[in-house]
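Data first, discussion second: the structure below is written as structure tokens.
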Amino acid sequence: MIPGSFEYHRPSTVSEAVALLGEFDSEARLLAGGHSLIPMMKLRLAQPSHLIDLAGVGELKGVRVEGGEIVIGAMTTQHDVIASEALATHAPILREAAEQIADPQVRYLGTIGGNAANGDPGNDMPALLMTLDAVFELRGPAGARQVKAREYYLGVYETAAEPGEILTGIRVPIPPKPHGFAYEKLKRKIGDYATAAAAVILTVSGGRVSTCAIGLTNVADRPLLAVGAAEAAVGSALDRATLARAARAAEAIASPAADGRGSAEYRAKMAGVMTARALARAFARAAS
Amino acid sequence: MPKINVAMTVNGKAVSAEVEPRLLLIHFLRENLSLTGPHIGCDTTHCGACTVDVDGRSVKSCTMFAVQAQGAEVLTIEGMASADGKLHPLQEGFREMHGLQCGYCTPGMIMRAHRLLKENPNPTEAEIRLGVSGNLCRCTGYQNIVKAIQYAAAKLNGQEFKEAAE
Amino acid sequence: MNDAPAPTSLERAEKLQGMGCKRKRVEDVRFTQGKGNYVDDIKLPGMLHGDFHRSSHGHARIVKIDTSKAKALPGVLAVLTAEDLKGVNLAWMPTLAGDVQMVLADGKVLFQNQEIAFVVATDRYIAADAADLVEVEYEALPVVVDPFKAMAPDAPTLREDIKDKTEGAHGTRKHPNHIFNWQVGDRELTDAAFAKAEVTTKDLLTYQRVHPCPLETCQCVVSFNKILGELTIYGTFQAPHVIRTVVALIAGLPEQKIHVISPDIGGGFGNKVGAYPGYICSAVASIVTGLPVKWVEDRIENLSTTSFARDYHMTTEIAATREGRVTGLRVHILADHGAFDACADPSKWPAGFSNIVTGSYDFPVAHLSVDGVYTNKAPGGVAYRCSFRVTEVAYAIERAMDIMAQKLGLDPVDFRIRNFIRREQFPYQSALGWEYDSGDYLTAMQKAVEATSYRALREEQKAREEAFRRGETRELMGIGVSFFTEIVGAGPSKNCDILGIAMFDSCEIRIHPTGKGIARMGTKSQGQGHETTWAQIIATEIGIPADDIIVEEGNTDTAPYGLGTYGSRSTPVAGAAIAMASRKIKAKAQMIAAFMLEVHEDDLEWDVDRFRVKGNPESFKTMSQIAWAAYNKVPPGMEPGLEAVSYYDPPNMTYPFGAYICVMDIDVDTGVHKVRRFYALDDCGTRINPMVIEGQVHGGCTEGYAIAMGQEIAYDESGNVKGASLMDFFLPTAVETPHWETDYTVTPSPHHPIGAKGVGESPNVGSVPCFANAVNDAFKFLGSTHIPMPHDAYRTWLAAEKLGLHA
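Residue numbers (my numbering), protein chains in the order written: chain A, 269 to 556; chain B, 220 to 385; chain C, 15 to 821.
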């Protein structure tokens, strides 16, 4: 219930934050919304000696449309993701997913950057951002660089970010209009991590799926891009047999942990079921 | 670890103290300010009994350090009634509709409902239930809590609350 | 002089806000303003904080405890271990079930998170740091978590402290890990009935381990006054007087110098009946330091170490004729009590009132045998609105009746009706020894059937089953029925006592000169609304408005001795004491009124709030006037004042009952369910406050829903506890919780002064089997006979998988 002691820092720019991270190295943790980190600190599973609070770094806030992309500041809260007209207009799947993360209080503080950055396989945004083929903007001592979300996740709490790098923003290519989308999340109760979840973005032409991307949440040690399932969907009208094929393809790449949500076999099967349902719903949306 | 001076406004009053960075906001409120309305019901940020309003956001004060609330405006259950003691419609509604039994979840529930009604002054039942999904109650089964919030919503909109027929 | 007509009797009765009305709650005024007074709100000058270092192992010898680093931390005043407690003979404490329990680990640990050391520091943050600095060296021992393996010949001995004791508190122990065997009923006649039965069923019905999980955890503030030699204990105690007596007995302090106070309690549900190591350690720490000590457990500690509930493994057999008349019931229960038998049962009842397993049905013969065993799990057993094991056996009988109905090809409602105890049979002697006081089961069941259009639901279900077979839908529809009779109101002194103290309860009422009053009882509300409802009883009984009566509970110095609030005993026992004390006051008031009116007592009649002369209604005295007169002009020979106390020893238990019907739709491809409808009809006899009753049913059904549909405290084979935080321990939010429809019938208890039976536990008793039966009912047409709880999505999917529904 009570965290260990630490020194508190509140930089006002990204450069300051990077400098602090460099100075304290593995002794420091970044504090975004705090709703992943602080619970871990209260259980003493994380005991940083330095906490670098990003709340005062204005550069990290805001959502703007830039050409064919939406640029989302890493410190944008889930609440603000849901409220954003720009996101509702251009990438409504983000709102649908954000609404299924945790609860209203957590969403007021939890950030999209915090949800995406640390490689927790239970988080919802990673698979979503992979589905959208988003790009992460990182800033570290060596300067700024970009990493595709699809190349960012390497394992449990293992990412392509180098020590000392901060996720500062997320660039989301605006999906074509119109497009179908769905985030289908199976959970024990509202606010729980996914038993299995599937994100789908697709386009339809002449009654058939012409492009499709599918991401899977919490059914492996990292978020997954279900390439085989997406390929099965393309070119079809998503009849029952195709949906079943796509489901099996998703199931085949899932290797979830057994936990209170169910056995590994069940969760893998549910990855398939969620994929099929997300495809069907996205397809129906694209048609309307 | 060195202490930090933290200053904020709580229930309209300016307060400040020297605190450890690790002091949780819930403990700052309960111990330093003796505002024992917000309660602690879990250790994993699930139950919502500690919910307060910080700069217009519902916040689980057990998952925020006091230092993060530097310069913030904080509202707790103790600040809901007006200065002359008139109860807020939510406080009235919870009593009228029997939306509490042991009272332990009530301060957090009312503070969350307060912000919910500002987000959405005319919520449907489903929106109310989703709106308080971060607040657990073990006594009431939520049904009368929904009615209490509907009562308050009506009153805040200048209407009379009519209970739906069973 | 105004021309307004005098208020009618009805108007005066309404003003009283007495029994039967939806009086708004007195407690809410402070709770809605954040002005409750809970234990953690209490701050005493110089107060210290205590915290535990707990075991990481489920079963291990303690090789070494190093407290030096903890002691060296600035702000730490003491670190207690079992060695320190041995000096004051408190390393072990007696349990309510006749066992003993370690307060701090003595030589070994027996369950994960068991208390090993208690640190005491100037603030709770330092205490948490210090608890982390205690270092323990363990020698792991083999773990027993399967109760069915606890009595294997090669099972490791868990309780080395009693390993040579073949006689336990409840008779002979047949194995070092055996606690007791308890039997009731006629074994021979029952076996004979089964031997010749036309149809029998036999099923292992398991009620998984769960936990009451009140939103406020267990906590205390203990303050020892060295100068006066007096101990003051504020705590989350559902039975504060019992705690005082227990402390007097085990701490060797004189009882008059122990002041136990339960302030506001944030939910109890049976979690806060017994004594925990935290209370004892805080008391010792306060005595040792001379300062107040506060102990507040966190949620994980609460879920993993305080009184769990259930863990009953019930092999249930029914014998019946082919026409569907039951002829016998035979049940064997394996009870997993964890490391210590800390069950909060009345002392002669090691398996609680599990012999209510005959339920609402007329079994001519029955036999019940219960074996309790030790395992490497948290101690306890009785809790969570169970009325002493009634929830467990209600689940068993309601599941078993459904299973038998299925075997016979009978509708579950019709099969129950065929076997109900009939109204004419009350008072009814059950085959397992209880005398049920009253009931009208048929009326209640018929009301439920009609209100839910049950027969039409069955038609719809048939249509949906056919649609499923045709592949038109992947959803199954289940209709759950439960008709429970439960036993509450412990209880008559002839068979109910807690550590030797009979389970009466009490009420003391004092009316002031200006006609207002104060009343205190031996019960202790943790949300049940006694401050509101007790005054309603008094208002109706003695004609003083409820708003004019202050109700107090929980201060053992001022409240008359009582056994506390749990097991739905408050209304049956204290409620009766309140009526009886009120009637003593009313009797005295009648004599005073007669004296004032210069008539004989028998010439007076009672009219809502006054005595009036028969045949001359203009001649009356109100209770207000009588109260004043009690202090200045009483009849010669009578003492002044207007007060009374009653200690009520109930002649019997009470038997609330109910009919619950649930409609559920299940998605076989995910295992996810949706509750379409839940109807709960409760008969709790006379209804004091319908609003409060409805709230109790909503809350109890919500707990039952959680239990049936996903809640569990489990252990893996290494003794690691799982599901002990709110991440995994299923507590539904407002989103999952179904809508509750409540209804009622009224069959007053014939022996209770106001005919009331109590209702708090009924919804937990009745709803769990109702949900479980709904899930099972959905799969019946595919040949399934029993799927165990909890019915979370995964396990429901697994049941569908095993039936081949995913091919």
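A virtual CB, placed ideally from N, CA and C, is assigned to each residue, including glycine. It should be emphasised that the depicted structure is a prediction, and the values quoted were computed from it without experimental measurement.
Worksheet item: Distance, Cα to Cα, GLN47(C) vs GLU311(B)?
Response: Counting from 1 along the third sequence, the entry for residue 47(C) is found at position 33. Counting from 1 along the second sequence, the entry for residue 311(B) is found at position 92. Distance from the CA of GLN47(C) to the CA of GLU311(B), rounded to the nearest whole angstrom, comes to 10 Å.
Practice prompt. Report yes or no: do three or more beta-carbon pairs, one from the segment 533–540 of chain C and one from the segment 619–631 of chain C, lie closer than 8 Å?
Written response: Counting Cβ pairs under 8 Å, fewer than three are found: no touch.
Worksheet item: Taking the continuous alpha helix (DSSP H) assigned at THR357(A), which residues delimit it?
Response: As a first step, residue 357(A) is located in the first sequence; it is residue number 89 there, counting from the start. Taken as a continuous stretch (DSSP letters only), the alpha helix (DSSP H) holding THR357(A) covers 353–358.
Fill in: Proximity below 7 Å, CB of THR204(C) to CB of HIS381(C)
Within the third sequence, residue 204(C) is the residue found at index 190, counting from 1. Within the third sequence, residue 381(C) is the residue found at index 367, counting from 1. Going by C-beta atoms, THR204(C) is nearer than 7 Å to HIS381(C).
Worksheet entry | Separation of ARG357(B) from GLU407(A), as counted between CA atoms | For the purposes of this step, residue 407(A) is taken as residue 139 along the first sequence, with counting starting at 1. For the purposes of this step, residue 357(B) is taken as residue 138 along the second sequence, with counting starting at 1. Residue 407(A) is actually Arg in this sequence, not Glu. Going from the Cα of ARG407(A) to the Cα of ARG357(B) covers about 46 Å.
Item to complete: Out of ALA445(C), LYS688(C), PRO783(C), state which residue places its alpha-carbon closest to the alpha-carbon of GLY199(C).
Response: On the third sequence, residue 199(C) is found 185 positions in, with the first residue counted as 1. Nearest option by C-alpha distance: ALA445(C).
Practice prompt. With a 10 Å radius around its C-beta and 16 neighbouring C-beta atoms as the bar for buried, classify GLY411(A) as buried or exposed.
Written response: Start at 1 with the first residue of the first sequence, and residue 411(A) comes out as number 143. Label assigned to GLY411(A): exposed.
Practice prompt. Report the rounded CA-to-CA distance for THR329(C) versus GLY780(C), giving the unit in angstroms.
Written response: Sequence index remark: in the third sequence, residue 329(C) carries index 315 (1-based). Sequence index remark: in the third sequence, residue 780(C) carries index 766 (1-based). THR329(C) and GLY780(C) have their C-alpha atoms spaced approximately 20 Å apart.
Worksheet item: Beta-carbon of GLY528(A) versus every beta-carbon of chain C: anything under 7 Å?
Response: Against the first sequence, residue 528(A) aligns to sequence position 260. Interface residue (Cβ-Cβ distance to chain C less than 7 Å): GLY528(A) is classified as such.
Discussion item. Please state whether the Cβ-Cβ distance between GLU717(C) and ASN778(C) is less than 7 Å.
Written reply: By 1-based counting over the third sequence, the position of residue 717(C) is 703. By 1-based counting over the third sequence, the position of residue 778(C) is 764. Yes, the pair counts as a contact, with Cβ atoms nearer than the cut-off.
Worksheet item: Quick one: does SER739(C) have its CB under 7 Å from some CB of chain B?
Response: Here residue 739(C) refers to the residue found at position 725 of the third sequence. Taking 7 Å as the CB threshold, SER739(C) lines the interface with chain B.
Worksheet entry | Range covered by the alpha helix (DSSP H) that runs through GLU545(C) | Taking the third sequence and counting its residues from 1, one reaches residue 545(C) at position 531. It spans 544–556 - the alpha helix (DSSP H) in which GLU545(C) sits, taken as one unbroken run.
Worksheet entry | Residue range of the unbroken beta strand (DSSP E) whose run includes PRO59(C) | As a working mapping, residue 59(C) is identified with position 45 in the third sequence. No beta strand (DSSP E) holds PRO59(C); DSSP gives it neither H nor E.
Worksheet item: Is PRO221(B) closer than 7 Å to TYR276(A) when the C-beta atoms are compared?
Response: In the first sequence, residue 276(A) corresponds to position 8, counting from 1. In the second sequence, residue 221(B) corresponds to position 2, counting from 1. For TYR276(A) and PRO221(B), no; Cβs fall outside 7 Å.
Item to complete: Determine the closest residue to VAL80(C) out of LEU99(C), TRP548(C), ASP65(C), ALA144(C), with distance taken between C-alpha atoms.
Response: On the third sequence, position 66 is the one that residue 80(C) refers to. Note that residue 80(C) is Asp in the sequence shown here, rather than Val. Of LEU99(C), TRP548(C), ASP65(C), ALA144(C), the residue nearest in Cα terms is ALA144(C).
Worksheet entry | Endpoints, the alpha helix (DSSP H) within which LEU812(C) is located | The residue labelled residue 812(C) in the question sits at position 798 within the third sequence. For LEU812(C), the enclosing alpha helix (DSSP H) begins and ends at 807–816.
Practice prompt. Kindly list the residues whose CB is nearer than 7 Å to the CB of THR180(C), restricted to its own chain and excluding five residues on each side of it in sequence; keep chain order.
Written response: Residue mapping note: residue 180(C) aligns to position 166 of the third sequence, counting from 1. Cβ within range, chain order: THR186, ARG187.
Worksheet item: How many angstroms separate the CA atom of VAL541(A) from the CA atom of GLY423(A)?
Response: Position 273 of the first sequence holds residue 541(A). Position 155 of the first sequence holds residue 423(A). Roughly 24 Å between the two C-alpha positions.
Worksheet item: How about LYS310(A): is its C-beta nearer than 7 Å to some C-beta of chain B?
Response: As a working note, residue 310(A) is residue 42 in the first sequence. Chain B, which has a Cβ nearer than 7 Å to the Cβ of LYS310(A), makes this yes.
Discussion item. Going by C-alpha to C-alpha distance, which of ARG476(A), VAL325(A), LYS455(A) sits closest to GLY437(A)?
Written reply: Taking the first residue of the first sequence as 1, we reach residue 437(A) at position 169. Comparing Cα-Cα distances from GLY437(A) to each of ARG476(A), VAL325(A), LYS455(A), the minimum goes to VAL325(A).
Worksheet entry | For MET308(A), the three-state DSSP class (helix, strand or coil) | Indexing the first sequence from 1 puts residue 308(A) at position 40. When DSSP states are grouped into helix, strand and coil, MET308(A) belongs to the helix group.
Worksheet item: DSSP state of GLU129(C), grouped into three classes?
Response: Here the question's residue 129(C) lines up with position 115 in the third sequence. The three-state reading of DSSP puts GLU129(C) in strand, counting E and B together.
Worksheet entry | Proximal chain C residues relative to ARG375(A), where beta-carbon distance stays under 8 Å | Here residue 375(A) refers to the residue found at position 107 when the first sequence is read from its first residue. Simply none; closest approach about 14 Å.
Worksheet item: List, in order along the chain, the chain B residues whose C-beta lies closer than 8 Å to that of SER273(A)?
Response: Residue mapping note: residue 273(A) aligns to position 5 of the first sequence, counting from 1. What SER273(A) touches in chain B: MET220, GLU239, PRO240, ARG241.
Worksheet item: Would DSSP call TYR388(C) helix, strand or coil?
Response: Locating residue 388(C) in the third sequence gives position 374, counting from the first residue. Correct three-state label for TYR388(C): coil.
Worksheet entry | Within-7 Å CB hit, LYS337(B) to chain A | Within the second sequence, residue 337(B) is the residue found at index 118, counting from 1. LYS337(B) has a beta carbon lying at 7 Å or more from every beta carbon in chain A.
Fill in: Inter-stretch contact at 8 Å, needing at least 3 Cβ pairs: the segment 348–361 of chain C / the segment 320–339 of chain C
The segment 348–361 of chain C and the segment 320–339 of chain C touch, with no fewer than 3 CB-CB distances between them shorter than 8 Å.
Worksheet entry | Minimum Cβ-Cβ distance from LYS457(A) to chain C less than 7 Å | Your numbering for residue 457(A) matches position 189 in the first sequence. Chain C contact via Cβ: present.
Practice prompt. Assess, as a yes-or-no matter, whether the segment 717–727 of chain C is touched by the segment 317–331 of chain B under the definition of 3 or more beta carbon pairs within less than 8 Å.
Written response: At 8 Å Cβ cutoff, the stretches do not touch.
Discussion item. Can you check whether the C-beta of LYS279(B) is within less than 7 Å of a C-beta belonging to chain A?
Written reply: What you label residue 279(B) is simply residue 60 of the second sequence in a count that begins at 1. Chain A, which has a Cβ nearer than 7 Å to the Cβ of LYS279(B), makes this yes.
Worksheet item: The beta strand (DSSP E) spanning GLN233(C) covers which residue range?
Response: Position 219 of the third sequence holds residue 233(C). First-last of the beta strand (DSSP E) with GLN233(C): 233–239.
Worksheet item: Distance, Cα to Cα, MET165(C) vs SER531(A)?
Response: Locating residue 165(C) in the third sequence gives position 151, counting from the first residue. Locating residue 531(A) in the first sequence gives position 263, counting from the first residue. Taking the straight line from one Cα to the other gives about 30 Å.
Worksheet item: Mind pulling the chain C residues with CB within less than 9 Å of LEU333(B)?
Response: On the second sequence, position 114 is the one that residue 333(B) refers to. Reading the sequence as shown, one finds His at residue 333(B) and not Leu. Per Cβ cutoff of 9 Å: no residues; HIS333(B) is ~12 Å from chain C at best.
Worksheet item: What is the DSSP secondary structure of PHE404(A), reduced to helix, strand or coil?
Response: To locate residue 404(A), count along the first sequence from 1; it is residue 136. Strand, per DSSP.
Worksheet item: Would DSSP call ARG534(C) helix, strand or coil?
Response: Taking the first residue of the third sequence as 1, we reach residue 534(C) at position 520. DSSP, read as helix, strand or coil, puts ARG534(C) in strand.
Discussion item. Please report the distance separating the alpha-carbon of ALA555(A) from that of PHE449(A).
Written reply: The sequence position of residue 555(A) within the first sequence is 287, counting from 1. The sequence position of residue 449(A) within the first sequence is 181, counting from 1. Rounded to the nearest angstrom, the two C-alpha atoms are 11 Å apart.
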